[in-house]
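Numbering (the working numbering), first residue to last: -1 to 129.
The structure appears right after this line, and notes come after that.
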């Protein structure tokens, strides 16, 4: 099983980014599922107090390898995260750390996958309630 760990506690949240999308060329990656918890409490992430969200991503791309993804969290800067280059993955384990000083309540975040050419998937939005 592959594992992608998303680790930064700068500000109150963390986001992941990748290259920009292109309008021609290969087909875009497809997010088959993005399973994350609906609620979170403060625990530890990388040895620091944080909301620690653990979940999975499943995806495929019929034309090229998926090489990176972005989980954009509202109010947070974007930073790149690579994944093992592959055309498909089932239940890729992901762990998302959100700083413990994030305001309690609902927090929106969006997953976008990127193929090797930079072609972007349609984004999938989730909401977690920080308790």
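Every residue, glycine too, gets a C-beta built ideally from N, C-alpha and C.
Query: Cβ pair residue 58, residue 108 closer than 8 Å; Result: no
Query: Supposed close pair residue 128, residue 103 - CB separation, criterion 8 Å; Result: 6 Å
Query: Span of the beta strand (DSSP E), counted from its first residue to its last, around residue 88; Result: 86 to 97
Query: Residue 121 versus residue 41: straight-line alpha-carbon distance, rounded; Result: 28 Å
Query: Option nearest residue 49 by Cα separation, candidates 31, 115, 26, 37; Result: 37
Query: The beta strand (DSSP E) enclosing residue 61, as first and last residue numbers; Result: From DSSP, residue 61 is part of no beta strand (DSSP E); its letter is neither H nor E.
Query: Cβ-based burial, residue 26 [other Cβ within 10 Å; buried from 16]; Result: buried
Query: Spatial neighbours of residue 115 in its chain, beta-carbon cut-off 7 Å, leaving aside the 5 residues before and after; Result: 20, 23, 24, 62
Query: Contact under 8 Å by Cβ, residue 125 with residue 68; Result: no
Query: Residue 45 versus residue 84 - alpha carbon distance; Result: 31 Å
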